[in-house]
Amino acid sequence: MLSSIRAILLLFVFSFLVVPVKSQMVAEENKLCIECHTSQSFTIHNDWTGMDETRLMNPFYILDTVRFVDGVHGAFQCIDCHSYEYETYPHNGELKLEPLMTCIDCHGGDDTYASYQFDRVEEEFEKSIHRELLGDQFTCSKCHDQHYYTPTARTSSNVKEIVEYSNNMCLSCHDNMIKYQLVSDKEKPQLVQIHDWLPNQELHFNRVRCIECHTVVQDSLMVSHNILPKEKATKNCVECHSSNSMLQASLYKYQNLRLRSGNAENDSVSSGEVYSGSFQFLSMNNIFSNQYYVIGASRIPLLNTIFVLIFVFTVAGIVTHAIFRFLKK
Amino acid sequence: MSAEGKLYLYPLWLRIWHGMNALCIIILIVTGLSMHYSTSILFKFESAVAVHNISGVVLTIFYVLFLAGNLVTENGKFYQIKTKGLKNRMQQQIKYYVSGMFKGETSPYPVTATRKFNPLQKYSYIGVMYIFVPLVIITGFALLFPETIIEDVYQVSGVMLTAIFHSIVGFFIMIFLFVHLYVASIGKSPVSNYKSMVTGWHS
Chain A
1 MLSSIRAILL LFVFSFLVVP VKSQMVAEEN KLCIECHTSQ SFTIHNDWTG MDETRLMNPF
61 YILDTVRFVD GVHGAFQCID CHSYEYETYP HNGELKLEPL MTCIDCHGGD DTYASYQFDR
121 VEEEFEKSIH RELLGDQFTC SKCHDQHYYT PTARTSSNVK EIVEYSNNMC LSCHDNMIKY
181 QLVSDKEKPQ LVQIHDWLPN QELHFNRVRC IECHTVVQDS LMVSHNILPK EKATKNCVEC
241 HSSNSMLQAS LYKYQNLRLR SGNAENDSVS SGEVYSGSFQ FLSMNNIFSN QYYVIGASRI
301 PLLNTIFVLI FVFTVAGIVT HAIFRFLKK
Chain B
1001 MSAEGKLYLY PLWLRIWHGM NALCIIILIV TGLSMHYSTS ILFKFESAVA VHNISGVVLT
1061 IFYVLFLAGN LVTENGKFYQ IKTKGLKNRM QQQIKYYVSG MFKGETSPYP VTATRKFNPL
1121 QKYSYIGVMY IFVPLVIITG FALLFPETII EDVYQVSGVM LTAIFHSIVG FFIMIFLFVH
1181 LYVASIGKSP VSNYKSMVTG WHS
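Keeping their order, the protein sequence lines are chains A and B.
So for the first sequence, my numbering puts the first residue at 1; every next one is plus one.
So for the second sequence, my numbering puts the first residue at 1001; every next one is plus one.
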């Protein structure tokens, strides 16, 4: 009995030791920055009073190190992006105004991440309403937080996770006045009311991304970045709810989703197919390996064939019987 | 109640239910097919969804009326199952439809005040009204509130399974409708049974 209590206590103690492991993965060079920028407060020497003062940290400057190391730039040093002058403490207040790098500054013409097609993303973004209305004010980081961003659409095998992550990027401004007012002096959009026309609104919000309707879908681009003005957003249900569903070229095109169907190794993937295998569940192999349903698009050909055969036999039976009745009258 | 060899078999409440049920089922079939195949021949997709949902709710209200009517009136007795000799009775009726009626034989189970349905009619109606329609209503309401459906069943979308089941049951109701409409033409005259469902009097 005593030994089991001891074991539980040990587990309890170790559980606390395990938690900080992630934050220990932050680059060694960042430790000094992290020391303050993960705390709620910091201490500074006030030259005016000659005293050390403890003050509250601006919550927007507190870094979540767990999310940071999970993000795409988790292995970076802080001064890879921020000025090296930040190494001096107290920091020079002017540094807050330094222009930060955009994605293209590093990734433009970047062969290492050629598959991400950063230059094409830039081209598409240039056409978007964000760019048109807000110009240079609207940077990549408005949606893609450099500290925490993860390429969920490429890595996740869960549609809901991809949808949630993507939509949260939009909602981080469009449903958050603190960020929205940075780029607009308009009133916060009433998302629920604006989308009143959409049947099963909650289901749509949870199962498809905003960008499915609010962008020009590009087959050859992972995520379309040409965000359209709201007047041009798709309002035509059959764009998705049809056998030729647009979702095949957007949400359900990802290879990671296709791999989930478990038989990707048996199928060759041509660019024309646009990784649509997991969406269509057209072959019997795929029927029981899919986790989503779209009215009008999710059809099972075998079942449809059986339906047609039963219908034809029924009608043939009725017609034959009717002919005999007529002849024997 | 009878007059000039006619039987009053279909009271007003039953005829109202039957008419509304028929109307809803036809609308549900057309809109259901329209959504399944995403065709806009009769309805645009969004209209098909709205009309399908409304018709489904109306069908359910009238189904409750049907159940209540069968509980409080004599009509319920026509749906009582009698297993003894069932196979034989069914075979007799099938034989009549397949060959007997062409040889001028009389129906083995003619309509009387105490026997509204022949065995084939009775058990197909029981199957449709007490198994298929409840199933299509339950799955239909589940799809109307998809958040109530189990998310994944062994990695398969619960909504997808429910939708497939709903389609299959709906399809068989459609097949029943076709057969029902045709068999109804087998009466004293090809239109007498249709008239009965309007007037209430069977001839």
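Beta carbons: idealized from backbone N, C-alpha and C, even for Gly.
Source: prediction; values computed, not measured.
Inter-residue distance for A/VAL208 and A/CYS140 is about 22 Å (C-alpha atoms, whole angstroms). Look at the segment 1164-1178 of chain B: the residues with a C-beta under 9 Å from a C-beta of chain A are ILE1164, SER1167, ILE1168, PHE1171, PHE1172, MET1174, ILE1175, PHE1178. Rounded to whole angstroms, the Cβ separation of B/PHE1141 and B/PHE1172 is 19 Å, and the two are not in contact under 8 Å. Remark: C-beta atoms of A/HIS174 and A/TYR180 approach each other more closely than 8 Å. At a cut-off of 8 Å between beta-carbon atoms, A/TYR292 makes contact with chain B. When C-beta distances to chain A are compared with 7 Å, the residues of the segment 1138-1154 of chain B below that value are PRO1146, ASP1152, in chain order. Going by C-alpha positions, A/GLU202 is about 40 Å away from A/LYS96. B/VAL1153 sits in a strand when the DSSP states are folded into three classes. In the structure shown, A/LYS328 falls within a coil segment according to DSSP collapsed to helix, strand and coil. Using a Cβ-Cβ cut-off of 8 Å, A/GLY109 does not count as an interface residue toward chain B, since no Cβ of chain B sits closer than that to its own.
The CB of B/VAL1049 comes closer than 7 Å to the CB of PRO199 in chain A, given here in chain order.
Your pair A/SER224 and A/GLU123 does not check out as a contact, with CB atoms roughly 11 Å apart and the cut at 8 Å. As a beta-bridge residue in DSSP terms, A/LEU56 pairs with A/SER41.
In this structure, DSSP gives B/ASN1118 a state outside helix and strand, which the three-state scheme calls coil. When the beta-carbon positions are compared, B/TYR1063 and B/ILE1137 come within less than 8 Å of each other.
When secondary structure is reduced to three states using DSSP, A/MET51 falls in the strand class. Within chain A, the residues placing a beta-carbon under 8 Å from that of B/TYR1182 are ILE318, HIS321, ALA322, ordered along the chain. The count of Cβ pairs closer than 8 Å, one atom from the segment 307-317 of chain A and one from the segment 1088-1104 of chain B, stays below three, leaving the stretches out of contact. Among the bridge pairs identified by DSSP, A/TYR254 is matched with none. Exposure of A/GLY135 is indicated by the presence of fewer than 16 other C-beta atoms within 10 angstroms of its C-beta.
Annotation: B/LEU1007 is outside any alpha helix (DSSP H); the continuous beta strand (DSSP E) that includes it extends over 1006-1008. Taking a C-beta distance under 8 Å as the contact criterion, A/PHE205 and A/ASN167 qualify as a contact pair. Residue pairing by DSSP places B/TRP1201 opposite B/TYR1008 in a beta bridge.
Ranked by Cα distance from B/LYS1084, the options B/HIS1180, B/PRO1119, B/GLY1076, B/VAL1111 are led by B/PRO1119. For A/MET246, there is no enclosing alpha helix (DSSP H), as DSSP gives it neither H nor E. For A/GLU161, the closest alpha carbon among the candidates A/THR54, A/TYR252, A/LYS188, A/GLU29 is that of A/TYR252.
Boundaries of the alpha helix (DSSP H) around A/CYS170: 159-174.
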